Amino acid sequence: MTVLSALKTVNLTLDGREIIAHEGDTVLEAALTAGIDIPRLCHDPRLKPVGACRLCVVEIEGERGLLTACTMEVAEGMVVETETDRLAAKRKTVLELILDDHRVTCPTCDKNGDCALMDYSYRYQADQFAFGGYKPGPVEPNFATGNKAIAFDPQLCINCGRCVRICDEVVMASALTFKMRAASVEVTTPFDMPLNETSCVLCGLCITTCPTGAMYDRAALGQGQIKDLEKVQTVCPYCGVGCTIELNVNRANNRIVRVTSQVGSVPNDGNLCVKGKFGFEYVHSPERLTTPLIKENGEFREASWDEALELAGRRLRELRDEHGPDSIAFLSSCRCTNEENYLMQKVARTAGATNNVDQCATTCHAPTVAGLAATFGSGAMTNAIDEIKDVDTLFIIGSNPTEAHPIIGLEMKKALKKGAKMVVCDPRKTWVAEHADIHIQHKPGTDNMLINAMMRHILEEELHDAEFVEGRCENFEAFSKNLQDYTVAEAAELCDVPAELIMRAAEMYAAGEPSSIFYTLGITEHTSGTENVQNLANLAMLCGQIGKRSSGVNPLRGQNNVQGGCDMGAMHGDFPGYQKVDDEVVRFKFAEAWGVDIPTNKGGRVTDFIEQAGDGVLRGFYVFGEDPVLSEPNQAKVIKSLENLEFLVCQEIFMSETAKLADVILPATSFAEKDGTFTNTERRVQRVRKAVEPPGQAKADWEIICLMSTAMGHPMSYDNAGEIFDEMASLTPSYGGMSFERIDEVGLQWPCPTPDHPGTGFLHAGSFTRGLGLFHEIRFREAAELPDDDYPYILSTGRTLYNYNIGNMTQKSDAIRQKQSKNFVEMHASDAERLGVANDDLVTVTTRRGEVTVKAVVGDRTRPGALWMPFHFVDQPTNRITNDAFDNITRTAEYKVCAATVKKSAEVPAAT
Amino acid sequence: MDNTTCIVDIARYFIAFCADESCGLCAPCRLGTVQLEEILNRITGGKGTLEDLDKLESLGEVVQQTSLCGLGQTAPNPVMSTLRHFRDEYLAHVVDKTCPAGVCTALLPVEVTVGKEK
Numbered sequence: 041m042t043v044l045s046a047l048k049t050v051n052l053t054l055d056g057r058e059i060i061a062h063e064g065d066t067v068l069e070a071a072l073t074a075g076i077d078i079p080r081l082c083h084d085p086r087l088k089p090v091g092a093c094r095l096c097v098v099e100i101e102g103e104r105g106l107l108t109a110c111t112m113e114v115a116e117g118m119v120v121e122t123e124t125d126r127l128a129a130k131r132k133t134v135l136e137l138i139l140d141d142h143r144v145t146c147p148t149c150d151k152n153g154d155c156a157l158m159d160y161s162y163r164y165q166a167d168q169f170a171f172g173g174y175k176p177g178p179v180e181p182n183f184a185t186g187n188k189a190i191a192f193d194p195q196l197c198i199n200c201g202r203c204v205r206i207c208d209e210v211v212m213a214s215a216l217t218f219k220m221r222a223a224s225v226e227v228t229t230p231f232d233m234p235l236n237e238t239s240c241v242l243c244g245l246c247i248t249t250c251p252t253g254a255m256y257d258r259a260a261l262g263q264g265q266i267k268d269l270e271k272v273q274t275v276c277p278y279c280g281v282g283c284t285i286e287l288n289v290n291r292a293n294n295r296i297v298r299v300t301s302q303v304g305s306v307p308n309d310g311n312l313c314v315k316g317k318f319g320f321e322y323v324h325s326p327e328r329l330t331t332p333l334i335k336e337n338g339e340f341r342e343a344s345w346d347e348a349l350e351l352a353g354r355r356l357r358e359l360r361d362e363h364g365p366d367s368i369a370f371l372s373s374c375r376c377t378n379e380e381n382y383l384m385q386k387v388a389r390t391a392g393a394t395n396n397v398d399q400c401a402t403t404c405h406a407p408t409v410a411g412l413a414a415t416f417g418s419g420a421m422t423n424a425i426d427e428i429k430d431v432d433t434l435f436i437i438g439s440n441p442t443e444a445h446p447i448i449g450l451e452m453k454k455a456l457k458k459g460a461k462m463v464v465c466d467p468r469k470t471w472v473a474e475h476a477d478i479h480i481q482h483k484p485g486t487d488n489m490l491i492n493a494m495m496r497h498i499l500e501e502e503l504h505d506a507e508f509v510e511g512r513c514e515n516f517e518a519f520s521k522n523l524q525d526y527t528v529a530e531a532a533e534l535c536d537v538p539a540e541l542i543m544r545a546a547e548m549y550a551a552g553e554p555s556s557i558f559y560t561l562g563i564t565e566h567t568s569g570t571e572n573v574q575n576l577a578n579l580a581m582l583c584g585q586i587g588k589r590s591s592g593v594n595p596l597r598g599q600n601n602v603q604g605g606c607d608m609g610a611m612h613g614d615f616p617g618y619q620k621v622d623d624e625v626v627r628f629k630f631a632e633a634w635g636v637d638i639p640t641n642k643g644g645r646v647t648d649f650i651e652q653a654g655d656g657v658l659r660g661f662y663v664f665g666e667d668p669v670l671s672e673p674n675q676a677k678v679i680k681s682l683e684n685l686e687f688l689v690c691q692e693i694f695m696s697e698t699a700k701l702a703d704v705i706l707p708a709t710s711f712a713e714k715d716g717t718f719t720n721t722e723r724r725v726q727r728v729r730k731a732v733e734p735p736g737q738a739k740a741d742w743e744i745i746c747l748m749s750t751a752m753g754h755p756m757s758y759d760n761a762g763e764i765f766d767e768m769a770s771l772t773p774s775y776g777g778m779s780f781e782r783i784d785e786v787g788l789q790w791p792c793p794t795p796d797h798p799g800t801g802f803l804h805a806g807s808f809t810r811g812l813g814l815f816h817e818i819r820f821r822e823a824a825e826l827p828d829d830d831y832p833y834i835l836s837t838g839r840t841l842y843n844y845n846i847g848n849m850t851q852k853s854d855a856i857r858q859k860q861s862k863n864f865v866e867m868h869a870s871d872a873e874r875l876g877v878a879n880d881d882l883v884t885v886t887t888r889r890g891e892v893t894v895k896a897v898v899g900d901r902t903r904p905g906a907l908w909m910p911f912h913f914v915d916q917p918t919n920r921i922t923n924d925a926f927d928n929i930t931r932t933a934e935y936k937v938c939a940a941t942v943k944k945s946a947e948v949p950a951a952t
Numbered sequence: 004m005d006n007t008t009c010i011v012d013i014a015r016y017f018i019a020f021c022a023d024e025s026c027g028l029c030a031p032c033r034l035g036t037v038q039l040e041e042i043l044n045r046i047t048g049g050k051g052t053l054e055d056l057d058k059l060e061s062l063g064e065v066v067q068q069t070s071l072c073g074l075g076q077t078a079p080n081p082v083m084s085t086l087r088h089f090r091d092e093y094l095a096h097v098v099d100k101t102c103p104a105g106v107c108t109a110l111l112p113v114e115v116t117v118g119k120e121k
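The listed protein sequences derive, respectively, from chains X and D.
Following our numbering, the numbering of the first sequence begins with 41 at its first residue and continues without gaps.
Following our numbering, the numbering of the second sequence begins with 4 at its first residue and continues without gaps.
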């Protein structure tokens, strides 16, 4: 429902009740809002109404015959009867027809108790034998046979078409279709292809919309009916979108059986992606760590909590006392809760007496935090996710939302369906690139050349918002002078894209009503990452495309709680809420609250920690829920550096590659085993709830951090996560008005400074957080390592849809492993042909730092001369070969550009 | 059409045509036309009951009134109008187990032919 139509209302009578409905609502929507439950099987509010099941027929005064409530719009003075004897008789017969075509297996059906067909059959007392009863034929294999994610039983299917429509309308994957016609109609894939060979993205929305048990989670079959399952509402542990999910827990065996999500949930409206739907098996993996471990003579042995904590706490404290605040460091975890990140930085600054604390934002979006804070005063996504559908021009650069942030991808698809235009700047042909009005496939690492040229063109053509620039921004003179050094012609040459496209893209962005910028790591993971971000902010300010609904600069954050990890001050220079450590007043506030002197050392970032470990400056390292050996560039150097540490303690749920190097490992908990909050990419603080008991002796991370603090000589204890949240909120103005009570159902978006504040959907309305928006003069700088004769290709790395980060969570899922379990390299067909490489051949990709041998995926997704690899795999890890060159401001590595070479491998591909 | 045409068989023919032509989108048309056809098959096959006639009428009405498009809404018309105007022929099939027009083979009198084998 749009804001506009919300203003216009219609009066009608439903079952004798006077109802006020919104203009444009259907009779069904009006009835449901009024609490009148009209039966329906083919309806899903996410889909266009189709009127297929005919159960929602109603009587409307003055209309001939019966009309379906789902397709009929309300009108002034309309008089509707939704439940008469005549309607009940018709519905009963329709249900009996459906039951005659549906194998009634309720006792053994997983959907028993949660089945719309069952509910309505009971309501209208439909007789399954009214027409003789279903006569099952032989069970034939179908498109989902053997698929480990999705099971399909055509004998349970009532052909309502919801799965086909949701795959088409919402996901736009069009992997499902109907074959045949009349009574032979059947849901299948194009040409009955196996599901994993189609365009299916395994989001499982077909399952979530299915009104019967026809589509179901394969792994959940036989694991409990609704009566056996308890639904625990929490937040998805993958990516920054922060989808609200329900863990369906079977209490009898303390196991998560499946994941569901309710239509209407925020921000995902019941939609999930493959990771959220099928990526939870890691919680119950037999590989989980269950006891503390201490390394002795190179081997781990089991230890008691007391022993492990005493050793870890004592050693860190000894190193700190002996060698000073820069000799120990704390790496917090953005996969964990706000409470835990708050405690980690608190422990660093109290028990550890050092500002050496960081989290994974340095690996990904630190340039966002730094760049946007310098420009606007606030380093976060400016708009809300539910505003995306109303964007007129989507400007997407260095971002692959349909894979890395699939639910935001779905919101963009909504905008496209409403007629939005889309500009995509990406060296790779992603889904959004292929569906864009303009795709600028520029050379990796040339973003600032491109953006400068676009802004120069906008200024020359006077397409900018002079009033906005004049009234809301500063430093425009110097900024525009800087642009004089950049022309569209030069950019076209250097970026290797047609000048015409650059100009048209600039015009399309400037003209959008409104336009909004979306970017991800294609912008930040460069040696010029912060400058890239600042230049996008320049572009938005120049065109006045910020500070309003559906318009702004939107970094899509990577890890589930990387926004929260930054918000909580797990950074060397910031306390919670980006309050500066070097601000005397702030330091005094925290010193008072925590009862310690706040350390004054400058502190560093994770990439500094690793280098300092190698140099022998850093001696003790507390790594919590991260695996830098796999996630940081130039793996050999990372391992060598970490091996040089005197003491490494890892708090982990798995024996990660980094944990293997540790002296002590503390067994931790997954998101499903503890309470707390995550903050998603749109600044929404959401409740994470404990659903199952942790394995073995594993403890909630916030408890472990308290125990570590105590073991380091600074006693710390809390009764529960809510108590930690309250302490944090009392010290953090932007979270000041929040409590577990207030964020219980849908969360709140910061800033939310007072208990009566409703939260903030979009930032910078009227003025910027810092007052005036600051234009920066950004010079184009080349990437640190450019291709040459020895290494003629440009290698970029990134995420795929099916895996997450270093893969240790997603790769535990059978469904995901079946789809994608091995590393690969994408290369252009022209390069492959020249090298004699065919699709699926093994190739060796070599850089100055090492080599990996992986399968080639040959096609046209990359530019000629460019290679692309995911970084999700332990075997043949991509970060063995990436470049440890860093952003000049935030020390974020240049994962998106390094020089590489590739050749066909002599190895024979292993059978898969 | 004349008195050599079986009206029940005609109704069966039309509903079979519509059942086959149904696009399958809406439930009453996709499934209801098939059930109507099956009942008529039963009747023309000599296995019909009086209850089947009631069922034809009530189901036919549901299909007419609840189907999505003109195909389903009109598919039962031949059944419904013949039931109204030629009920005696239906009764002949159901009660007397005969087909007055001599079309429904299952209801034809059995002829026993005696003769020499060639």
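Glycine included, every Cβ here is placed at the ideal spot set by N, Cα and C.
Quick caveat: nothing in here was measured; it's all calculated off a predicted structure.
Check                                                                                                                          : Outcome
Rounded separation between X/Phe-169 and X/Gly-762 - CA only                                                                   : 55 Å
Beta-carbon separation (whole angstroms), X/Thr-122 vs X/Leu-54, contact threshold 8 Å                                         : 6 Å
Closest Cα partner of X/Thr-442 within the set X/Val-210, X/Lys-859, X/Arg-903, X/Gly-319                                      : X/Val-210
Per-residue contacts from X/Gly-262 into chain D (C-beta, under 7 Å)                                                           : Residues of chain D passing the Cβ test: none, with the nearest at roughly 29 Å.
CB contact flag (X/Ser-591, X/Asn-423, <8 Å)                                                                                   : yes
X/Trp-790 - DSSP class collapsed to helix/strand/coil                                                                          : coil
Assigned exposure category for X/Met-452 - 16 Cβ within 10 Å defines buried                                                    : buried
X/Pro-89 CB to nearest heavy atom of the ligand NAP below 7 Å                                                                  : Ligands are entirely absent from the displayed structure, and the ligand NAP is therefore not among its contents.
Partners in chain X for D/Thr-69, counting only beta-carbon separations shorter than 7 Å                                       : Arg-94, Val-97, Leu-106, Lys-130, Val-134
Contacts that D/Val-82 makes with chain X (C-beta to C-beta distance below 7 Å)                                                : None at all; the shortest Cβ gap to chain X is about 15 Å.
Neighbouring residues, chain A, relative to D/Arg-45 (Cβ below 9 Å)                                                            : Annotation note: the requested chain A is absent from the structure, which comprises protein chains X and D.
Test: X/Cys-309 CB closer than 8 Å to a CB of chain D                                                                          : One detail in the question is off: residue 309 of chain X reads as Asp in this sequence, not Cys. Chain D contact via Cβ: absent.
For X/Leu-242 and X/Cys-197, the rounded distance between their alpha carbons                                                  : 19 Å
Buried/exposed call for X/Thr-284, threshold 16 Cβ in 10 Å                                                                     : buried
X/Thr-42 classed as buried or exposed, judged by whether at least 16 other C-beta atoms fall within 10 angstroms               : Because X/Thr-42 sits at a pLDDT of 41, beneath the cut-off of 50, its placement in the model cannot be relied upon, and the point is left open.
Supposed contact pair X/Ile-368 and X/Thr-394 - C-beta distance, whole angstroms, cut 8 Å                                      : 6 Å
Beta-bridge pairing of X/Ala-944 - partner residues as DSSP gives them                                                         : The sequence given here places Lys at residue 944 of chain X; Ala does not occur at that position. Looking at the DSSP assignment, X/Lys-944 forms a beta bridge with X/Val-883.
Nearest-angstrom Cα separation, counted from X/Lys-483 out to X/Leu-157                                                        : 54 Å
Straight-line gap, X/Gly-485 to X/Ala-823 (C-alpha atoms, nearest Å)                                                           : 6 Å
Exposure label - X/Lys-132; buried when at least 16 CB within 10 Å                                                             : buried
Below-8 Å beta-carbon distance, D/Pro-79 vs any chain X residue                                                                : no
Identified DSSP bridge partners for X/His-40                                                                                   : Lying before the first or after the last residue shown, residue 40 of chain X is absent from chain X, which here runs from 41 to 952.
For X/Cys-376, the three-state DSSP class (helix, strand or coil)                                                              : coil
Residue of X/Asn-152, X/Ile-498, X/Val-303, X/Arg-328 minimising C-alpha distance to X/Gly-253                                 : X/Asn-152
Residues bridged to X/Met-611 (per DSSP)                                                                                       : X/Asp-614
Residue-chain proximity (X/Ile-138, chain D), Cβ-Cβ < 8 Å                                                                      : yes
Chain D residues whose Cβ lies nearer than 9 Å to that of X/Arg-723                                                            : Result: empty, since nearest Cβ-Cβ is about 44 Å, beyond 9 Å.
Local Cβ density within 10 Å of X/Gly-304, reported as buried at 16 or more and exposed below that                             : exposed
CA nearest to the CA of X/Ile-296, picked from X/Ser-325, X/Trp-345, X/Asp-141, X/Met-695                                      : X/Ser-325
Beta-carbon contacts of D/Phe-17 that lie in its chain and below 7 Å, excluding the five residues immediately before and after : Pro-81
Host beta strand (DSSP E) of X/Asp-257 (start-end)                                                                             : 255-257
Proximal residues to X/Asp-268 (C-beta, below 7 Å), its chain only, five neighbours per side dropped                           : Asn-290, Ala-292
Burial state of X/Gln-165, where buried means 16 or more other Cβ atoms lie within 10 Å                                        : exposed
Cβ neighbour criterion (16 or more within 10 Å) applied to X/Pro-251                                                           : buried
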